[in-house]
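Numbering (the working numbering), first residue to last: 3 to 323.
Where a beta carbon is used, it is the ideal one built from N, C-alpha and C, also for glycine.
From a predicted model like this one, the values you see are computed outputs, not experimental measurements.
Note sheet for the following structure.
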């Protein structure tokens with residue numbers, strides 16, 4: 003790509019050029035145009051092409067805030083190569099503050115999509131045909147759904163030494179080995195040889211500054227590793243190395259009732275530790291929720307009311323450094 007224009011979404015972006023491309027995929031039912039900004043920054047020096055994306059699920063706005071901060075702090079202006087930012091992929095869900103597309107489908111389950119399929123499927127097809135083919139790397143930012151708060155973590159497929167090295171570089175508190183899900187954005191990127199890290203942190207419809215900072219600092223370390231971080235920015239070293247999670251279990255509610263969590267996200271707990279209580283609203287019964295094993299709490303249910311069978315804690319039980 004040396005000294006050549008990058009062809010993207012019908013536009014030519016020259017070395018050293020900045021361009022925002024407003025992409026119109028579909029219209030609202032009112033016939034109003036709905037455009038998705040794709041923000042491209044190219045260095046004059048040849049290098050990798052990296053995507054930072056968020057909002058694949060429309061209610062996961064903490065990821066959008068991370069990408070927004072990369073833009074306003076000019077972290078997305080690379081020393082070399084090209085950085086593409088899409089702060090909101092599912093603009094429909096973002097407007098409605100919902101996870102899904104208007105057709106009720108989860109965009110992250112319909113890849114690679116279809117040109118003539120449902121609205122979500124058509125959008126997945128657009129990403130596969132227009133964005134993914136130019137990429138070398140991607141970091142996709144997510145948050146926990148259904149009132150569940152995720153500790154900041156990177157998710158990668160097992161047995162991939164290059165992704166493991168990139169996860170070490172990003173250095174989130176936790177790295178979870180997680181198989182690709184059929185129909186997911188990550189699975190499609192893997193098939194098309196794009197090296198992707200999936201970041202999880204916080205919960206839906208919420209902004210958390212600590213999560214945002216973890217995402218920003220990890221991104222700077224990631225770009226520095228690729229020799230793409232501008233000299234204007236400095237990286238910070240985390241106090242601890244990421245912990246690789248090889249096995250984890252969900253703790254589910256045995257009772258329905260009012261839920262009061264007692265442990266902090268990211269905490270190490272011992273088997274038998276009381277993690278929460280579930281109570282009836284009339285002051286007659288109170289049930290303790292105990293840790294089923296030694297491990298780190300990597301997800302906590304923040305709901306005030308839970309039902310029997312609800313997932314309430316995700317505990318990492320097998321850790322490697």
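Selected residue, minimal CA-CA separation from residue i, among the options
| i | options | result |
| --- | --- | --- |
| residue 40 | 29, 23, 7 | 23 |
| residue 263 | 151, 114, 79 | 151 |
| residue 236 | 95, 244, 243, 227 | 227 |
| residue 229 | 30, 47, 109 | 47 |
| residue 98 | 63, 231, 44 | 63 |
| residue 242 | 248, 216, 225 | 216 |
| residue 149 | 203, 35, 86 | 203 |
| residue 187 | 45, 55, 31, 28 | 55 |
| residue 17 | 45, 11, 30 | 45 |
| residue 225 | 214, 50, 106 | 50 |
Environment of residue i [buried if 16+ CB atoms lie within 10 Å]
| i | result |
| --- | --- |
| residue 212 | exposed |
| residue 276 | exposed |
| residue 20 | exposed |
| residue 143 | buried |
| residue 155 | buried |
| residue 274 | exposed |
| residue 283 | exposed |
| residue 57 | buried |
| residue 314 | buried |
| residue 7 | exposed |
| residue 74 | exposed |
| residue 145 | buried |
| residue 175 | buried |
Sub-7 Å separation of residue i and residue j beta-carbons
| i | j | result |
| --- | --- | --- |
| residue 169 | residue 183 | no |
| residue 38 | residue 25 | yes |
| residue 302 | residue 255 | no |
| residue 103 | residue 121 | yes |
| residue 206 | residue 147 | yes |
| residue 322 | residue 246 | yes |
| residue 79 | residue 43 | yes |
| residue 249 | residue 320 | yes |
| residue 231 | residue 222 | yes |
| residue 76 | residue 139 | no |
| residue 220 | residue 172 | yes |
| residue 199 | residue 141 | yes |
| residue 60 | residue 100 | yes |
| residue 92 | residue 109 | yes |
| residue 334 | residue 259 | Lying before the first or after the last residue shown, residue 334 is absent from the chain, which here runs from 3 to 323. |
| residue 132 | residue 11 | yes |
| residue 214 | residue 68 | yes |
Cβ neighbours of residue i in the same chain (closer than 7 Å, five flanking residues each side left out)
| i | result |
| --- | --- |
| residue 257 | 280, 289, 310 |
| residue 114 | 126, 127, 130, 190 |
| residue 117 | 124, 127 |
| residue 3 | Model confidence at residue 3 stands at a pLDDT of 43, short of 50, so the residue's coordinates are unreliable and nothing is read from them. |
| residue 13 | 21, 23 |
| residue 305 | 149, 261 |
| residue 15 | 7, 8, 21, 42, 44 |
Contact set for residue i: own chain, Cβ-Cβ below 6 Å, skip 5 residues either direction
| i | result |
| --- | --- |
| residue 270 | 298 |
| residue 9 | none |
| residue 194 | 134 |
| residue 70 | 89 |
| residue 185 | 111, 112, 113 |
| residue 177 | 156, 169, 244, 246 |
| residue 291 | 277, 278 |
| residue 1 | Beyond the ends of the chain as shown, which are 3 and 323, falls residue 1; an answer cannot be given. |
| residue 238 | 219 |
Check: residue i C-beta below 6 Å from any heavy atom of the ligand ADP
| i | result |
| --- | --- |
| residue 21 | Absence of the ligand ADP is noted for the structure shown, with no ligands found whatsoever. |
Spatial neighbours of residue i in its chain, beta-carbon cut-off 8 Å, leaving aside the 5 residues before and after
| i | result |
| --- | --- |
| residue 253 | 277, 291, 293, 294, 313, 314, 315, 316, 317 |
| residue 66 | 56, 57, 89, 90, 96, 143 |
| residue 300 | 152, 153, 155, 176, 178, 247, 250, 267, 268, 316, 317, 318 |
Practice task
Entirely within the stretch 92-171 and at least 4 residues each: give me those alpha helix (DSSP H) ranges in chain order.
Solution key: If we require 4 residues or more, the alpha helix (DSSP H) runs fully inside the stretch 92-171 come out as 93-98, 121-132.
Handout entry: Secondary structure, beta strand (DSSP E): runs of 3+ residues fully inside the stretch 239-314
Key = Complete beta strand (DSSP E) runs here, min 3: 245-254, 259-263, 276-281, 288-292, 297-303.
Practice task
Could you tell me which uninterrupted beta strand (DSSP E) segments, each at least 3 residues in length, are contained entirely in the stretch 176-200, listed from first to last along the chain?
Solution key: Uninterrupted beta strand (DSSP E) stretches at least 3 residues long and entirely within the stretch 176-200 occur at 176-179, given in chain order.
Practice task
Within the stretch 23-88, note down every full beta strand (DSSP E) run reaching 3 residues or more, in order along the chain.
Solution key: Entirely contained in the stretch 23-88, the beta strand (DSSP E) runs reaching 3 residues are, in chain order, 35-44, 51-56, 84-88.
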